[in-house]
Amino acid sequence: MTLSQAEEQLLQLLGTRYNDEDWRPALKAVMDAEGDVIMAQEAIRKISVTSIIEDNLMGSVQDLQRQNRIIRKLPSIEDLVNPAQKQEIEDSPHAFLEGDKDIVNQVVYEDDGDEEKEEDPDVNITHCDAIRLIATLERLTLKFGGDEMWIADTLELTHQLRKFHGFLNSEERWHGTQTYIDSYFTPAI
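Here it is in structure tokens:
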């Protein structure tokens, strides 16, 4: 059977539903097999598996669009399977021609400049200050976090704050120094 005879037979069987674009890969695979039935069957099997995978992929993309996860126009199967090449922008401050070495050097340079400008705002907070702050947070979570919807989260936060409170107390006891009662009284001048 010739290619034109096969096309005529498909046109007779399918009528208006026949689409040459859909059948072209299968017909080409059979004609390329040149009478080798096993080779033709294998080629058709590969085409059908590819078609099923493409249909599943497009179905997933359509599901994502229905769930408002894809807002713009749906990409074609060709766009999904063969994405566009990366676009390199030469003049961009984010273009690092030497790769990772260039990136590391830029990060180190930026970090060096930040050290002079930024100071740790928590450098003067003592263990006692932190313990007082945590105690305040515990009270506030119980006072304002009583909504039924958030009660589990409120209790979890309170639990974590109490654990941290205990940790800071043990650190204070372990690293604290003994003070004498005399240190609380200053001599009158």
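Just add 65 to the spot in the sequence shown (first one is 1) and you have the numbering used here.
No residue lacks a Cβ here, since even glycine has one placed at the ideal position from N, Cα and C.
Keeping to the same chain, check which residues put their C-beta closer than 8 angstroms to that of residue i; ignore five residues upstream and five downstream.
| i | result |
| --- | --- |
| residue 142 | 119, 122 and 123 |
| residue 195 | 233 |
| residue 88 | 72 and 75 |
| residue 105 | 94, 95 and 98 |
| residue 107 | none |
Taking 6 angstroms as the limit between beta carbons, can you name the residues of its chain near residue i, skipping five residues before and five after?
| i | result |
| --- | --- |
| residue 187 | none |
| residue 247 | none |
Under three-state DSSP, which class holds residue i?
| i | result |
| --- | --- |
| residue 250 | coil |
| residue 138 | coil |
| residue 103 | helix |
| residue 186 | coil |
| residue 179 | For residue 179, the pLDDT reaches just 49, beneath the cut-off of 50, and the residue's location in the model is therefore unreliable, leaving the point undetermined. |
| residue 241 | coil |
| residue 174 | helix |
| residue 127 | helix |
| residue 67 | coil |
CA-CA distance, residue i and residue j?
| i | j | result |
| --- | --- | --- |
| residue 207 | residue 224 | 11 angstroms |
| residue 241 | residue 170 | 42 angstroms |
| residue 134 | residue 145 | 16 angstroms |
| residue 179 | residue 126 | In this prediction, residue 179 scores a pLDDT of 49, lower than 50, which makes its location untrustworthy; no coordinate-derived value is stated. |
| residue 132 | residue 112 | 30 angstroms |
| residue 215 | residue 193 | 30 angstroms |
| residue 168 | residue 147 | 29 angstroms |
| residue 199 | residue 238 | 17 angstroms |
Out of the options, state which residue places its alpha-carbon closest to the alpha-carbon of residue i.
| i | options | result |
| --- | --- | --- |
| residue 100 | 67, 199 and 117 | 67 |
| residue 90 | 103, 115, 77 and 102 | 115 |
By Cβ distance below 7 angstroms, which residues in the same chain neighbour residue i in space, the five residues on each side in sequence not counted?
| i | result |
| --- | --- |
| residue 227 | 203 |
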